[in-house]
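J.:
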Amino acid sequence: MLPAKRAKKSTVKQLILSSSESGSEDDPPPCKDSCSEWEEEGDVCPIDRTNFPPLKEAPKEGNYILVEFVDKKSKVYYIGKVLKEEDDEGDFEVTYLRRSLKVKDKFCLPNVADLKSVHRSDVKLVLPSPTCSGTKRQQNLLHFDCDLSLINVK
Numbered sequence: 001m002l003p004a005k006r007a008k009k010s011t012v013k014q015l016i017l018s019s020s021e022s023g024s025e026d027d028p029p030p031c032k033d034s035c036s037e038w039e040e041e042g043d044v045c046p047i048d049r050t051n052f053p054p055l056k057e058a059p060k061e062g063n064y065i066l067v068e069f070v071d072k073k074s075k076v077y078y079i080g081k082v083l084k085e086e087d088d089e090g091d092f093e094v095t096y097l098r099r100s101l102k103v104k105d106k107f108c109l110p111n112v113a114d115l116k117s118v119h120r121s122d123v124k125l126v127l128p129s130p131t132c133s134g135t136k137r138q139q140n141l142l143h144f145d146c147d148l149s150l151i152n153v154k
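The numbering used here puts the first residue of the sequence shown at 1, with every later residue one more than the last.
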């Protein structure tokens, strides 16, 4: 005799806005000079194509950066880790991360390193240090405390 099947519980997720968030959705968040200022306040750093402040200082070895590439039709952004600091020509050696296809807003280093040099003018932002948690496999996925949903990050 087969065991009786259990009925699946259906869950409904709702977005509940507090009274402080009930402002106009069209209003962009205020621009700050860097993601570090957002971290100090405990908020998530919103990133939009229009609010890239000029870099205050050159990214250092080990920093994660947002790099812009101009395609024929649009701008595409990639996240990279700086391997070598700026040389005399203004180029950085960078290894690029890939967006995880299975987990939203997580990035990982590819199996075969994607090493390229990038000019300082293409570096749009120095990202905050990533976080990783969970099992050993999940710790390969990096999460940045920035809202990257408004830009085309590959």
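Positions of the beta carbon are idealized from the N, C-alpha and C atoms, including for glycine. Just so you know, these numbers come straight off a predicted model, no measurement behind them.
Is Ile151 near Tyr77, with beta carbons less than 7 Å apart?
T.: Locating residue 151 in the sequence shown gives position 151, where the first residue counts as 1. Locating residue 77 in the sequence shown gives position 77, where the first residue counts as 1. Taking 7 Å as the Cβ cut-off, Ile151 and Tyr77 qualify as a contacting pair.
J.: Helix, strand or coil: how does DSSP classify Arg137 here?
T.: On the sequence shown, position 137 is the one that residue 137 refers to. It is coil, neither helix nor strand.
J.: If you draw a straight line from the C-alpha of Arg98 to the C-alpha of Pro110, how long is it?
T.: Counting from 1 along the sequence shown, the entry for residue 98 is found at position 98. Counting from 1 along the sequence shown, the entry for residue 110 is found at position 110. Rounded to whole angstroms, Arg98 to Pro110 spans 6 Å at the Cα level.
J.: Out of Arg137, Gln139 and Ser129, state which residue places its alpha-carbon closest to the alpha-carbon of Asp145.
T.: Working through the sequence shown from its first residue, we reach residue 145 at position 145. For the residues Arg137, Gln139 and Ser129, the minimum Cα distance to Asp145 belongs to Ser129.
J.: For Asp122, which three-state DSSP category applies?
T.: Counting from 1 along the sequence shown, the entry for residue 122 is found at position 122. Three-state DSSP puts Asp122 in a helix.
J.: Pick helix, strand or coil for Ser129, following the three-state DSSP scheme.
T.: Residue 129 sits at position 129 when you count from the first residue of the sequence shown. If DSSP states are grouped into helix, strand and coil, Ser129 belongs with coil.
J.: State buried or exposed for Val94, treating a residue as buried only when at least 16 other CB atoms are found within 10 Å of its CB.
T.: Position 94 of the sequence shown holds residue 94. The residue in question, Val94, is buried, as its Cβ has 16 or more Cβ neighbours within 10 Å.
J.: If you follow the beta strand (DSSP E) that Glu93 is in, where does it begin and where does it stop?
T.: Here residue 93 is taken as the residue at index 93 of the sequence shown, counted from 1. Segment Asp91 to Tyr96, the beta strand (DSSP E) holding Glu93.
J.: For Glu68, which residues does DSSP report across the bridge?
T.: Translated into positions along the sequence shown, residue 68 becomes position 68. Tyr77.
J.: Measuring CB to CB, does Pro59 end up less than 7 Å from Val153?
T.: Here the question's residue 59 lines up with position 59 in the sequence shown. Here the question's residue 153 lines up with position 153 in the sequence shown. No, the Cβ-Cβ distance between Pro59 and Val153 is not below 7 Å.
J.: Using the Cα positions of Leu66 and Glu57, report the straight-line distance between them to the nearest angstrom.
T.: Taking the first residue of the sequence shown as position 1, residue 66 is located at position 66. Taking the first residue of the sequence shown as position 1, residue 57 is located at position 57. Taking the straight line joining both Cα atoms gives about 14 Å.
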